[in-house]
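S.K.:
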Amino acid sequence: MNHPAKPVAGPVTRSINVNGIALSYHEWAAAPGNDAPTMVFAHATGFHGRTFDAIAEHFAGRQILSLDLRGHGGSEGEPIDNWRIVSDDVIALLDQLEIRGAIGIGHSMGAHTLVQCAAERPGAFSRLVLFDPVILAPEYYELAEPMFTADRPHPAIRRKRDFASPEAMIERFAPRDPYCLFDPRVFEDYCRHGLTRLDDGSYTLSCSPEMEASVYGSSRSNAGIHDAAAKVEVPTLVVRAKQTDLTDFKSSPTWPELAGIMPKGVDLYRPDRTHFHPFEDPEDAARIIAEFEVG
3 MNHPAKPVAG PVTRSINVNG IALSYHEWAA APGNDAPTMV FAHATGFHGR TFDAIAEHFA
63 GRQILSLDLR GHGGSEGEPI DNWRIVSDDV IALLDQLEIR GAIGIGHSMG AHTLVQCAAE
123 RPGAFSRLVL FDPVILAPEY YELAEPMFTA DRPHPAIRRK RDFASPEAMI ERFAPRDPYC
183 LFDPRVFEDY CRHGLTRLDD GSYTLSCSPE MEASVYGSSR SNAGIHDAAA KVEVPTLVVR
243 AKQTDLTDFK SSPTWPELAG IMPKGVDLYR PDRTHFHPFE DPEDAARIIA EFEVG
């Protein structure tokens, strides 16, 4: 897919109140006469809606909503203990904005969230494209012991949170795994839009280490996600990356049989990509979305 011929104006950031918090989203308005379905993007744990800018710009002229999930980006929210809290927020947003027949594009935890939303709001989406959704095999959710606890938190709790500037974050993370795999534009968007400026002029991560760790720590909380997936009646593309093991953030966590339990699910295995596929190659991700929409 070719890049847009001319620059695309950035989105307008808006906020609505849902479930006791202000939920932020970034909107590219539809061009006059463009009645293509709205596109709704939902991001991965620890990231934010502006990480999709490089993909969204391939769909210039369409209405696009890229969400900041609870506790991420510009959205409010404390650490969570159940992933259903996140999907409840997005359902409330879909209801308030009267979203119908949208193309839902999710990555990782955001893809998991859109599956739950599509099951509970059947008319909200007409198609889903799920990049490596964090929906594991059913037996994963049957385990009684959580992977992480207050006494044994996820390593994200130790993430550096404070930076003198966005440039300092860029310099620190650029050579590190997995950020070194990211498309340069996506990596810069992640850093520049993933920080909140403090009163003293310094910056802190918009998604706090405590928030990020809580999402990983509660990853077994939505045991009903397979039942939800089986209720999603719209065409759904599950894009799976290479699989090694769950201790490697670059490995796919997605249950290989997921598409098979969805009434109109299609599996696309991409062992040439990691879990961060949309960040590594946004042009390829945009191509996949466009082809599945018309297919």
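One gets the working numbering by counting positions in the sequence shown from 1 and adding 2 to each. Backbone N, C-alpha and C fix where the C-beta goes; we use that ideal spot for every residue, glycine too. Here the structure is a predicted model, which is why all the values come from computation and not from measurement.
(1) When the Cα atoms are used, what is the spatial distance from LEU99 to THR206?
(2) Using CA atoms only, rank isn't needed, just tell me which of ALA56, ASP283, SER216 is closest to VAL88.
(3) Could you compute how far the alpha carbon of SER128 sits from the alpha carbon of GLU80?
(4) Check this for me: beta carbons of GLY51 and HIS45, under 8 Å apart or not?
(5) Could you tell me which of SER253, THR47, PRO168 sits nearest to HIS114, measuring between CA atoms?
(6) Measuring straight from C-alpha to C-alpha, what distance separates VAL296 and HIS195?
(7) Could you give the distance in angstroms between the alpha-carbon of VAL92 and the alpha-carbon of PHE43?
(8) Given a threshold of 16 other Cβ atoms within 10 Å of its Cβ, counted over all protein chains shown, does CYS182 qualify as buried or as exposed?
(9) Please confirm if the region 226–245 is in contact with the region 198–205, defined as three or more CB-CB distances below 8 Å between the two stretches.
(10) Could you pull the DSSP bridge partners for LEU239 from this structure?
(11) Who does SER110 pair with in a DSSP beta bridge?
(12) Entirely within the region 128–214 and at least 4 residues each: give me those alpha helix (DSSP H) ranges in chain order.
(13) Using the Cα positions of GLU141 and GLY267, report the straight-line distance between them to the nearest angstrom.
(14) So, are the CB atoms of GLY63 and ALA104 less than 8 Å apart?
(15) Assign ASN84 to one of two classes, buried (16 or more other C-beta atoms within 10 Å of its C-beta) or exposed (fewer than that).
(16) Keeping to the same chain, check which residues put their C-beta closer than 8 Å to that of HIS5; ignore five residues upstream and five downstream.
(17) Give me the DSSP bridge partner(s) of LEU69.
(18) Whole angstroms are fine: how far does the CA of GLY75 sit from the CA of ILE101?
(19) For ILE18, write down the residues that DSSP places opposite it in a beta bridge.
(20) In its own chain, which residues sit with a C-beta less than 6 Å from the C-beta of ALA56, not counting the 5 before and 5 after it?
(21) Does DSSP put ILE105 in a helix, a strand or coil?
(22) On the DSSP letters alone, give me the boundaries of the alpha helix (DSSP H) that PHE294 sits inside.
(23) Please tell me whether ILE290 and VAL241 are closer than 8 Å, where the distance is taken between their beta carbons.
(24) Tell me the rounded alpha-carbon separation between CYS209 and ARG161.
(25) Grab me the residues of TYR192's own chain with a C-beta within less than 6 Å of its C-beta, minus the 5 sequence neighbours each way, in chain order.
(26) Given a cut-off of 8 Å on the beta-carbon distance, is the pair ILE18 and LEU116 in contact?
(27) So for LYS8, helix, strand or coil by DSSP?
(28) Check whether the region 150–158 and the region 212–227 are in contact - that is, three or more C-beta pairs closer than 8 Å.
(29) Assign ARG16 to buried or exposed, taking buried as 16 or more other Cβ atoms, counted over all protein chains shown, within 10 Å of its Cβ.
(30) Can you tell me the Cα-Cα spacing of ARG174 and GLY73, whole angstroms?
M.R.: Looking at the atomic coordinates:
(1) Near 30 Å, if we compare the C-alpha coordinates of THR206 and LEU99.
(2) Selected option, being the one with the closest Cα: SER216.
(3) CA-CA distance, SER128 to GLU80, rounds to 32 Å.
(4) Yes, Cβ-Cβ distance for GLY51 and HIS45 is below 8 Å.
(5) When each option's Cα is compared against that of HIS114, the closest is THR47.
(6) The straight-line gap from Cα to Cα measures roughly 31 Å.
(7) Taking the straight line from one Cα to the other gives about 11 Å.
(8) So CYS182 ends up on the exposed side.
(9) Too few Cβ pairs lie closer than 8 Å, so no.
(10) VAL131, VAL268, per the DSSP bridge assignment.
(11) According to DSSP, which records beta bridges pairwise, SER110 is partnered with nothing at all.
(12) Whole alpha helix (DSSP H) segments, 4+ residues: 168–175, 186–195.
(13) Cα to Cα, GLU141 sits roughly 21 Å from GLY267.
(14) Contact flag unset, no.
(15) With fewer than 16 neighbouring CB atoms inside 10 Å of its own CB, ASN84 falls in the exposed class.
(16) For HIS5, the predicted model reports a pLDDT of 47, less than 50, meaning its position is unreliable and no value from the coordinates is stated.
(17) DSSP lists TYR27 as the beta-bridge partner residues of LEU69.
(18) Going by the C-alpha atoms only, they are around 22 Å apart.
(19) According to the DSSP secondary-structure assignment, ILE18 is paired through a beta bridge with LEU25.
(20) Closer than 6 Å at the Cβ level, and outside the excluded window around ALA56, lie ARG187, VAL188, PRO284.
(21) Here ILE105 sits in strand by DSSP.
(22) Where PHE294 is concerned, the enclosing alpha helix (DSSP H) stretches over 284–296.
(23) Against a cut-off of 8 Å, the Cβ pair of VAL241 and ILE290 comes out as a contact.
(24) Here the C-alpha atom of CYS209 lies approximately 11 Å from the C-alpha atom of ARG161.
(25) Excluding sequence neighbours, TYR192 sits near THR53.
(26) Cβ distance not < 8 Å, so ILE18 and LEU116 don't count as in contact.
(27) Because the pLDDT of LYS8 is 43, which lies under 50, any placement of that residue in the model is unreliable, and the question is left without a value.
(28) With three or more CB-CB distances shorter than 8 Å, the region 150–158 counts as touching the region 212–227.
(29) Flag for ARG16 reads exposed.
(30) Whole-angstrom Cα-Cα distance: 23 Å.
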